[in-house]
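If you read the sequence shown in the numbering used here, its first letter stands for residue 633, the second for the next number, and so on.
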Amino acid sequence: MIVEALGLERAHVAGLLDFLRGQGRTVATAESLTAGLVSAALTDVAGASDVVRGGLVVYATDLKAELAGVDRALLAEHGAVHPDVARELAAGARRRCGADWGIGLTGVAGPDPQDGVAPGTVHLGFAGPGGVTVHTARVEGDRHAVRAAAVRVALEQFAGLLRCPSEA
Numbered sequence: 633m634i635v636e637a638l639g640l641e642r643a644h645v646a647g648l649l650d651f652l653r654g655q656g657r658t659v660a661t662a663e664s665l666t667a668g669l670v671s672a673a674l675t676d677v678a679g680a681s682d683v684v685r686g687g688l689v690v691y692a693t694d695l696k697a698e699l700a701g702v703d704r705a706l707l708a709e710h711g712a713v714h715p716d717v718a719r720e721l722a723a724g725a726r727r728r729c730g731a732d733w734g735i736g737l738t739g740v741a742g743p744d745p746q747d748g749v750a751p752g753t754v755h756l757g758f759a760g761p762g763g764v765t766v767h768t769a770r771v772e773g774d775r776h777a778v779r780a781a782a783v784r785v786a787l788e789q790f791a792g793l794l795r796c797p798s799e800a
């Protein structure tokens, strides 16, 4: 139900979970912009409990530091929507949930800019066994469309990293 509502293909999400399961790997999320939608999409597929450890919804800036361990100085200097925040969210999800992979998302859904960052800006962090990588995307639409697109981009990027572990 959630998978389809976000414009995802169930087979794609199931494939990600199957790949992780086959590798004996787990995943966790720390989400701001998407407020748990990535975790919800992953767990919408039967058998997700084999690989999804959990997730942190850190919508408020102070919770990014308190729950996910994002550096307070980074938040004070750059605000909550920054590539390095996504990086630290991913690492924090991985660490706090005891997962092999962490996915972190921050961005601006709109309709207004946040800290000078335009709506539709999405920063995605991926922390895995080989390190941390960040991807920035620019998506269009109203706040619902931006959040749904952020989930799709996150899972597409994650699938790419899983197929190319040397990039992680």
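Every residue gets a Cβ at the ideal spot worked out from N, C-alpha and C, and that includes glycine.
A direct Cα-Cα distance of roughly 8 Å separates G757 from V717. Within its own chain, the residues whose Cβ lies closer than 7 Å to the Cβ of C729, once the five positions on either side in sequence are excluded, are A660, R685, G686, listed in chain order.
Under the three-state reduction of DSSP, H714 is assigned to coil, being neither helix nor strand.
The DSSP-derived three-state label of L669 is helix.
Linking A722 to V754 through their CA atoms gives a straight-line distance of about 14 Å. Counting only residues of its own chain and dropping the five nearest sequence neighbours on each side, L640 has a CB closer than 8 Å to the CB of A673, V783, R784, L787. Put simply, the backbone Cα of V749 is about 34 Å away from that of G647. If you look at R685, you'll find it in the beta strand (DSSP E) that goes 684-689. Assignment of T661 by DSSP, reduced to helix, strand and coil, places it in the strand class. Counting the other CB atoms within 10 Å of its CB gives G734 a total of 16 or more, which places it among the buried residues.
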